[in-house]
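*Asks:* Be aware that the sequence shown starts at 1, since it is given in UniProt numbering, and climbs by one per residue.
Positions of the beta carbon are idealized from the N, C-alpha and C atoms, including for glycine.
All figures in this text were calculated on a predicted structure; none of them were measured in a lab.
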Amino acid sequence: MNSVQSTSSLTVAKFGGTSVADYQAMLRCANIIKNDNSNRLVVVSASSGVTNLLVRLSQKNVSVIEQKDIVENIRAIQVNITQHLSSDVEAQLNQEINSLLDELTQHALTQLLQYSTKTADAILAFGEQFSSRIFAQVLQSVDIPGEYFNVQQVMKTNSLYGKAVVDLNQLSEQSTQLLAPKLIDKVIVTQGFIGQDSQGHTTTLGRGGSDYSAALLAEALNGTNLSIWTDVVGIFTTDPRITDQARAIKEISFGEAAEMATFGAKILHPATLIPAMRRNIPVFVGSSKEPEKGGTQIKQKVDSNPTYRSIALRREQTLVTVKSPAMLHASGFLAKVFGVLAKHELSIDLITTSEISVALTFDNPSGSTQSLITNAVVAELEQLCEVSVEHGLSLVAVIGNGLTCAKGIGQSIFETINDVNIRLICHGASANNLCFLVNEDEANYVVEKLHNTLFA
Ligand code: ADP
Ligand code: ASP
Ligand code: MG
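(1) Are the Cβ atoms of R309 and F263 separated by less than 8 Å?
(2) Return the first residue and the last residue of the beta strand (DSSP E) that G286 is part of.
(3) Looking only at its own chain, which residues have a Cβ that is under 6 Å from the Cβ of G206, when we skip the five neighbours before and after it?
(4) Give me the residue from P282, S324, L424 and K449 with the minimum Cα distance to V417.
(5) Note down, in chain order, each residue of its chain lying with its Cβ closer than 6 Å to the Cβ of S45, except the 5 sequence neighbours on either side.
(6) For I417, report the span of its beta strand (DSSP E) as first-last.
(7) Quick check: F284 and S354, are their CB atoms within less than 8 Å of each other?
(8) To the nearest angstrom, how far is it from the Cα of S8 to the Cα of T374?
(9) Would you mind reading off the limits of the alpha helix (DSSP H) that contains L350?
(10) Relative to the ligand ADP, is the shortest distance from any of its heavy atoms to the C-beta of M26 smaller than 7 Å?
(11) Between I194 and V151, which are expected to be in contact by the criterion C-beta below 8 Å, what is the C-beta distance as a whole number of angstroms?
(12) Cβ of G16 within 7 Å of any heavy atom in the ligand MG?
(13) Are there three or more Cβ pairs, one per stretch, closer than 8 Å when the segment 136-145 is compared with the segment 114-125?
(14) Cβ of I74 within 8 Å of Cβ of V50?
(15) Closer than 7 Å to a non-hydrogen atom of the ligand ASP - does that hold for the CB of R56?
(16) With H, G and I counted as helix, E and B as strand and the rest as coil, what does DSSP make of N439?
(17) Compute the Euclidean distance between the alpha carbons of S430 and L403, then round it to the nearest angstrom.
(18) Could you tell me whether the Cβ atoms of T230 and I267 are closer together than 8 Å?
(19) Where does E290 fall in DSSP's three states?
(20) Cα separation between D239 and S198?
Here it is, written out as structure tokens:
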């Protein structure tokens, strides 16, 4: 078996759900690793579809019959991969998968008896546990010294289930102690998305969080590169599912890519670039299906800084308008409103103000089943002001450079979509974006039309 050459460069390679969906997909990823021996830490997502099944399993009131059905669906996805390995390895992996599925079934029953977000996270984390075990063996089957590593040994978090916050000091210390020595002669395969709190309970970092895990590990290990392998040949000028006119971007600055991720470009988890920017680690995004086609380089300095770089879209936005005559010439009103929101751990996204009212938007991260703005939040705000809550909105963000100083930006954008009702506009805080809200059912139309004009 080949051993990994010790090189000074260390690439953390993250493979998303479609990249580890089946045996053929995993083999393609193994080849990518083989072709570049700086790839020494591999972070995997759950096989495509598995986390969605686990989300359903983690919800309230899932009948025992449905639970069994979900568990069998997951088993089928995973053994469909292991059957391609040698019979010894297949038997050993299937045994591990079966015992993990028994544990999963226990959690699902607990959830049915008494729902908790803690158990929900315990359930959600299983997908990455399966895929990382299997992928380590796929690597070994093609003579790469792959070894499974449980990321929970290093990814310590608080107990905010569903969106846990990682302890960066612990991550750095534990990674240096427990992970770095293994990277000398092994290709370590570990899980994205999951962590562990101080009481040893499993936590998750939020949907799509494997990108962020990989970036955090790259930072903790002083990685020289981060590669995000997915199902498209890089970051596009807009979501290629919305328009076939979207095209791959060769290079993009950290700042612009971070804005894209923040404003909904699903290709990267919103927090991915924060650790990469802290350590100036260049990030590559490419397709594990077509690695030969190259991809997008995200880095600090890029050769061109176009006015328009891309358009991002984030659905399921909530708009809250608070109105109070007491706000007129008064001080401290907004602080009280923000105090209520902070108490409920609600993070405000965009803000616009008028004389006696303030409009605030909130992101409703996909996967969340209940409305973010609960009756309790509304009741508390109503002690201070009139409150209205609107759903069914989408946030469109035009991303680029120098948007606060270029002339004619507003006209180019809004003239193109003058047949659409714009609900709120935010511009001026960042030179890298201009965003606005439109009705959900017009969002695709708006993005497509704007793309045709701005990227003609
Ligand atoms: P993975 O499972 O590999 O993490 P994701 O589904 O999370 O993959 O992200 C890849 C998807 O992101 C693409 O298939 C594409 O539909 C979507 N996407 C949204 N915006 C963009 C964009 N600007 N460029 C490329 N892909 C985008
Ligand atoms: N498996 C998790 C999800 O589907 C994390 C990830 O894929 O990044 O959200
Ligand atoms: Mg993703």
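*Replies:* Well, looking at it:
(1) no
(2) Per DSSP, G286 is one residue of the beta strand (DSSP E) stretching across V283 to S287.
(3) Taken in chain order, the residues that qualify are K163.
(4) Just to set this straight, residue 417 is Ile in the shown sequence, not Val. For I417, the nearest C-alpha among the options comes from K449.
(5) Shown here for S45: same chain residues with a beta carbon closer than 6 Å to its own, the five before and five after excluded, namely G16, G17, G192 and S210 in chain order.
(6) Element bounds for I417: n/a, residue is neither H nor E.
(7) no
(8) 51 Å
(9) Premise fails: L350 is in no alpha helix (DSSP H) and is neither H nor E.
(10) no
(11) 6 Å
(12) yes
(13) no
(14) yes
(15) Flag unset: Cβ of R56 not near the ligand ASP.
(16) strand
(17) Here the C-alpha atom of S430 lies approximately 8 Å from the C-alpha atom of L403.
(18) Taking C-beta atoms as the reference points, T230 and I267 count as a pair closer than 8 Å.
(19) coil
(20) D239 and S198 have their C-alpha atoms roughly 38 Å apart.
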